[in-house]
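Novice: Quick one: structure below, then a few questions.
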Amino acid sequence: MPAKLIGIWKHKSIWLCLLLIIVTVSAGMVYRNFFVLPYEQHEKTVYAMDTQITLTAYGTKGEEGLEAAEQEIYRLEKLLSATDEHSDIYAVNHSGGSAVPVADDTAEAVAFALAMADNTGGALEPTLYPVVRAWGFTTGQYRIPSDDELAGLLSLTDYKKVLVQKNAILLPDGMELDLGAVGKGFAGDKVISLLKEQGIRSALINLGGNVQALGTKPDGSNWRVGIKSPDSSDYLGIVNVADCAVVTSGAYERFFIGADGRKYGHIINPADGRPVNNGVLSVTIIAPQGRTADALSTAMFVRGKDEAIAYWQAHRDFEMILLTDEQRIYITEGIADSFERTGRYSGLKITVVH
Ligand code: AMP
Ligand code: MG
């Protein structure tokens with residue numbers, strides 16, 4: 001090297017300049033890795049399971065994760081749909097009473113639904129499909145079945161007669177399964193597991209009102225999840241939560257007004273085969289798993305306010321917000337401090353359940 005150049009390198013200010021560059025680049029990298037990339041938001045909207053699904057994930061792995069999540073939703077829908085002629089559930093419903101081999105996930109979902117049916121004293125009834133169909137909830141061609149028709153169809157419903165053996169399901173001839181009350185929660189759990197496997201630590205998924213959170217928001221704060229009002233036009237309130245599912249059941253999701261002027265909702269009381277009409281407008285369940293929250297929101301809606309509260313007091317492994325037609329909110333003690341009423345519900349009376 002020429003002597004003149006060596007001289008330059010001996011100069012102090014050159015070293016200072018180099019140091020400054022290194023410090024600036026490193027600070028930029030730290031800033032990007034810790035303050036930009038983890039907050040990078042990725043979103044996807046999917047139409048499946050009879051509803052609009054929105055998926056939001058944060059961080060560098062978000063886009064890939066959501067791509068995989070979308071495929072997972074389609075895969076589960078193909079197994080669990082009662083209407084898709086190629087699904088496992090369709091095959092079981094049309095088996096004529098013989099055992100049908102099914103995928104692991106189908107067996108798991110059905111076994112879970114049967115266990116929750118047992119657990120809720122039959123308020124959740126996964127074999128109600130013939131009754132749900134008779135009211136027109138599967139097609140939108142609504143009608144009011146006669147007492148005789150309902151009595152005949154109810155004789156075809158009984159979860160105790162369904163047998164899940166490893167990877168096969170045995171359903172008596174004439175009976176039909178409907179996982180409408182647990183399928184979205186089950187799919188939500190599978191999607192959350194998949195996102196975790198993909199290295200995602202912060203995500204929020206909304207399967208037509210079933211909201212499931214993975215971790216916290218990227219800044220470490222809780223998610224603010226809105227709970228739809230019974231007429232669906234706005235929000236009853238907001239819950240501040242992390243790492244859990246928030247699932248609401250209500251007659252407002254799907255209903256029709258009969259010729260008699262009465263409102264008939266899509267959640268059926270398995271005891272009489274009629275849409276539930278017990279003074280409860282909506283039930284929100286907050287639980288670690290989507291499938292549990294989904295099963296319980298439907299079952300507690302069926303059981304009504306007093307029995308739902310008694311069930312919670314006996315279990316206490318979930319939280320519940322219940323709205324009645326007397327415009328009163330019943331909320332379990334574990335979530336009371338994390339709930340805010342909003343809009344026209346701000347003045348509603350709240351009873352904290354202990
Ligand atoms: P969800 O929106 O989770 O409360 O589920 C309601 C759906 O589950 C309905 O649209 C029916 O397909 C089905 N369903 C209605 N009543 C019952 C019931 N008592 N048990 C199980 N599934 C039901
Ligand atoms: Mg449900």
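In this note's numbering, the protein residues as written are 1 to 354. Ideal placement from N, C-alpha and C gives every residue a C-beta, glycine not left out.
Going by DSSP, which residues form a beta bridge with LYS12?
Specialist: Along the sequence shown, read from residue 1 onward, the residue named residue 12 stands at position 12. DSSP output for LYS12 lists no bridge partner at all.
Novice: In three-state terms, what does DSSP make of THR298?
Specialist: In the sequence shown, residue 298 corresponds to position 298, counting from 1. Note: THR298 maps to helix in three-state DSSP.
Novice: Considering only heavy atoms of the ligand MG, does any lie closer than 7 Å to the CB of THR298?
Specialist: For the purposes of this step, residue 298 is identified with residue 298 of the sequence shown, where counting begins at 1. Answer for THR298: yes, Cβ within range of the ligand MG.
Novice: Using beta-carbon positions only, say whether ALA48 and GLN198 come within less than 8 Å of one another.
Specialist: By 1-based counting over the sequence shown, the position of residue 48 is 48. By 1-based counting over the sequence shown, the position of residue 198 is 198. Contact flag unset, no.
Novice: What residue range does the alpha helix (DSSP H) around PHE112 cover?
Specialist: Looking up residue 112 in the sequence shown gives position 112. Counting along the chain, the alpha helix (DSSP H) containing PHE112 begins and ends at 104-119.
Novice: Quick one, which of MET300, VAL100, SER338 has its alpha-carbon nearest LEU323's?
Specialist: In the sequence shown, residue 323 corresponds to position 323, counting from 1. Measuring from the Cα of LEU323, the nearest candidate turns out to be MET300.
Novice: Taking DSSP's pairing of strands, which residues face THR332 in a bridge?
Specialist: For the purposes of this step, residue 332 is taken as residue 332 along the sequence shown, with counting starting at 1. BP columns for THR332 point to VAL353.
Novice: Within the region 148-173, note down every full alpha helix (DSSP H) run reaching 4 residues or more, in order along the chain.
Specialist: DSSP runs (the alpha helix (DSSP H)) wholly in the region 148-173: none.
Novice: Here's the rule: buried if 16 or more other CB atoms are within 10 angstroms of the residue's CB, otherwise exposed. What is LEU19?
Specialist: Taking the sequence shown and counting its residues from 1, one reaches residue 19 at position 19. The residue in question, LEU19, is exposed, as its Cβ has fewer than 16 Cβ neighbours within 10 Å.
Novice: For ASN240, tell me which candidate among SER232, LYS166, PHE339, TYR264 has the shortest Cα-Cα distance.
Specialist: For this step, residue 240 is matched to residue 240 along the sequence shown. ASN240 has its Cα closest to that of PHE339, out of SER232, LYS166, PHE339, TYR264.
Novice: Between which two residues does the alpha helix (DSSP H) carrying SER193 extend?
Specialist: By 1-based counting over the sequence shown, the position of residue 193 is 193. Note, SER193: alpha helix (DSSP H), 183-197.
Novice: Can you tell me where the beta strand (DSSP E) holding TYR264 begins and where it ends?
Specialist: To locate residue 264, count along the sequence shown from 1; it is residue 264. Where TYR264 is concerned, the enclosing beta strand (DSSP E) stretches over 263-265.
Novice: Three or more C-beta pairs closer than 8 Å, one from the region 286-306 and one from the region 235-255: is that the case here?
Specialist: A contact exists between the region 286-306 and the region 235-255.
Novice: Measure the C-alpha to C-alpha separation of ASP219 and ASP337 and round it to an integer number of angstroms.
Specialist: Stepping through the sequence shown from its first residue, residue 219 is reached at position 219. Stepping through the sequence shown from its first residue, residue 337 is reached at position 337. ASP219 and ASP337: Cα-Cα distance of roughly 21 Å.
Novice: Skipping 5 residues on each side, what residues in its chain have a beta carbon closer than 8 Å to that of ARG254?
Specialist: In the sequence shown, counting from the first residue as 1, residue 254 sits at position 254. Contacts found: PHE137, GLY265, HIS266.
Novice: Helix or strand or just coil, what does DSSP make of LYS61?
Specialist: Numbered from 1 along the sequence shown, position 61 holds the residue referred to as residue 61. Coil.
Novice: Check the DSSP bridge columns for VAL30 and list the partner residues they point to.
Specialist: Position 30 of the sequence shown, counting from 1, holds the residue named residue 30. Its beta-bridge partners do not exist; DSSP assigns none.
Novice: In or out: GLN71 buried (at least 16 other Cβ within 10 Å) or exposed?
Specialist: Stepping through the sequence shown from its first residue, residue 71 is reached at position 71. Under this definition GLN71 is an exposed residue.
Novice: Thinking C-alpha only, which one of ALA181, GLY122, GLY183 is nearest VAL157?
Specialist: The count along the sequence shown starts at 1 and reaches residue 157 at position 157. It is Thr, not Val, that sits at residue 157 in the sequence shown. Considering only alpha carbons, the answer is GLY122.
Novice: Examine the ligand MG and report whether any of its heavy atoms sits within less than 7 Å of the Cβ of ALA295.
Specialist: Indexing the sequence shown from 1 puts residue 295 at position 295. Yes.
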